[in-house]
Structure formats: structure tokens, C-alpha cells
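Here's the structure we're looking at; comments come further down.
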Amino acid sequence: MKPPAPPLTPSDEALSRLLCEDLAPASRAPQSPAGLLDRVRASAAARAAMTTVRARQDTWRKVMAGVRKKVLWDGPQGASVLLEFQPGVKLPGHRHAWLEEGICLSGGLLAGDLELGPGDYQASPPGSRHAAITSCPRRGALAYLRGTSLGHPGHQIGELLGGLLPGQGAPQRTVLLRDGGWQSVAPGVELLPLWSGGGVESRFVRLSPGASLPGHDHPVDEECMMLQGELYFGDLLVQAGDFHLAPAGTCHGDVCSESGALLFVRGGALGS
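Counting in the numbering used here, the sequence shown runs from 1467 upward without gaps.
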């Protein structure tokens, strides 16, 4: 049996009080949920002004035999749509009312003697003429178009009639994904310039897994078409096949991708 501990001396008692004061639990300032709620409200308000069309949304409509469209956004200079072609379908020649940009997403397209595969891009200025476009005879094609007259009957008829007239108009620009030309803009982030004019630029943006970009404002409407992978605009997840529109005056939070991503972006010039 252990002998009883000796009584504390006055100096021992003083030391004990000091130790107990140091080990006392720190008091927490009361946390109000108001700050978190404000952030949630701000995020919801920002997203309410934006448009996101998911790949799974089934809003397809027939254009002609073997071709159907999915309208993504009807802008002031033409619509943004997905076009799905059955194998071997031909679209008639036409002349463009607006700048029309197209990306082959899957399958293949033959425009005159030019073959376009997945990721290939073509821009057709206003007044330029497209010869007939034919989809791959084995796989068909899926394409993203912006600046198209589809959905604007008056302009659509004008484009078809204009396609019958001689002359090719302004030259078109084609960028094949395999040709390279990427520019590094941040660690793990590259862009490929596609088109520029009037304070607006079109580009491919590629993010490596784990890469990020700071949030940014939109001086003009910004369209994004996800080609591969997935990324976050703030707390909004956008995946391959999704379309996202951020109108002028809105802002995106930080942009990041955990698994990597490839997307088409049309919006304000970098640094504007």
C-alpha cells in the first residue's frame, strides 16, 4: 500500500492553478450561420442567371430525314445547337448569315474535300458559303454549331438560297485538333486560339488533372461546350457533353478540374 501523498505547499497550489488555467478549454466565439447562408444565396443567385444544358436532357427535334437538333441557346447572332447525323446524310450547301463555328464531337463530317474528325473546328465568316456537308457513311456524326440559322426560319431560307449563288465569300478557318499549337497560360492549363474579332475570342482550353484557374468576370456572354472530362465553375459541375452559358455581367468562381478537361470557350478576350 502506497503512503499518502504529501500535502501541497502554497507554492505547489499556485503552480497547480497556473497549469489549470493554461489547460482550460478555449472559449469559442458563437458562430452564426448567416455567413454560410449568404454564400449559398450568392451562389444560387449567380447560377440562376446562367444556363446549363446537360447531355442527358432529351430535347432533340427533327430537322430533316436523318438529322436532328438539340437547341442549347438562341443568341442574338444565331443559335447554338447540337446536330446529330445518321450515317451518310447530306446537308445542302448554304451561305452564312452570321459567323458560324462548328466542332465535330464524334464520328466524322466531309465538307467538300475536307474531312473533319472528333475535336476538329471550322469557322465560317458571314457571307461565306458551305458546300454540301456529308456525315461519315459508317458512324454518322455529332457536331456542335454556334451562329447557325437553325431555329430562325427567315435566315435559314436565306442561307439555303444564298448557297445556290456563285462565289465562296470570305475564307473559312479550319483548326485540326491533331495539329497542336497549344499555349501554356497557367500550371496545367493550355489554350488553343481558334477565332478572334470584335473583342470576342474562341478557344479550346485544356486542363490537366488538378489544374485550376482563378474566378473571372464576363464582359460579354461566355459559351462553354464541354468536350472531354469534367470541371467545376465554383460549385457547379459541368461534364462532357454539357453546355454552359454565363451571360455578360455574371462572374464565375474558381475553375478547377480533378480529372482533367477539354472544353470550347467563346467569350471575352483573355485579360479583358
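We treat Cβ as the ideally placed atom computed from N, Cα and C, and that holds for glycine.
Check: Look at S1572 and A1607 and say whether their C-beta atoms are less than 9 Å apart.; Outcome: yes
Check: Starting from W1539, trace the beta strand (DSSP E) in both directions and tell me its first and last residue.; Outcome: V1533 to G1541
Check: Determine the closest residue to H1596 out of G1574, I1569 and H1560, with distance taken between C-alpha atoms.; Outcome: H1560
Check: Hey, H1718 and G1681 are a contact pair by Cβ (cut 8 Å); roughly how many whole angstroms apart?; Outcome: 5 Å
Check: Sorted by chain position, which residues of the same chain lie with C-beta nearer than 6 Å to V1641's C-beta, five sequence neighbours on each side aside?; Outcome: Y1587 and L1660
Check: For R1604, is the classification buried or exposed, using 16 other Cβ atoms within 10 angstroms of its Cβ as the cut-off for buried?; Outcome: exposed
Check: Going by DSSP, what residue range makes up the beta strand (DSSP E) through V1612?; Outcome: Correcting the residue type first, residue 1612 is Arg in the shown sequence and not Val. Where R1612 is concerned, the enclosing beta strand (DSSP E) stretches over A1607 to T1614.
Check: When you compare only the Cα positions, how much space is there between A1652 and P1558?; Outcome: 43 Å
Check: List the endpoints of the continuous beta strand (DSSP E) containing A1712.; Outcome: F1709 to A1712
Check: CB K1535 to CB L1548, shorter than 9 Å?; Outcome: yes
Check: Report the option in R1639, A1727 and V1686 whose CA atom is closest to the CA atom of F1670.; Outcome: A1727
Check: Under 7 Å Cβ to Cβ from S1678, same chain only, skipping five residues before and after it: list those, please.; Outcome: D1720, V1721 and C1722
Check: Quick check: what's the CA-CA separation for A1712 versus A1706?; Outcome: 17 Å
Check: For L1693, does the count of other Cβ atoms within 10 angstroms reach 16, so buried, or fall short, so exposed?; Outcome: buried
Check: Less than 6 Å between C-beta atoms, sequence neighbours within five positions excluded: which residues of the same chain meet that for A1577?; Outcome: I1599
Check: Whose C-alpha, out of G1734, M1691 and Q1523, is nearest the C-alpha of Y1610?; Outcome: M1691
Check: So E1567 packs on S1662, CB below 8 Å; how close in whole Å?; Outcome: Actually they do not touch by this definition, with Cβ atoms about 12 Å apart.
Check: Return the first residue and the last residue of the beta strand (DSSP E) that T1517 is part of.; Outcome: T1517 to V1519
Check: Short of 7 Å in beta carbon distance, which residues of its chain neighbour G1654, apart from the five on each side in sequence? Order them along the chain.; Outcome: L1673, S1674, G1676 and A1677
Check: Thinking C-alpha only, which one of V1519, H1684 and L1658 is nearest G1647?; Outcome: L1658
Check: For L1580, collect the residues of the same chain with a Cβ closer than 6 Å to its Cβ; drop the 5 residues on either side in sequence, then sort them by chain order.; Outcome: none
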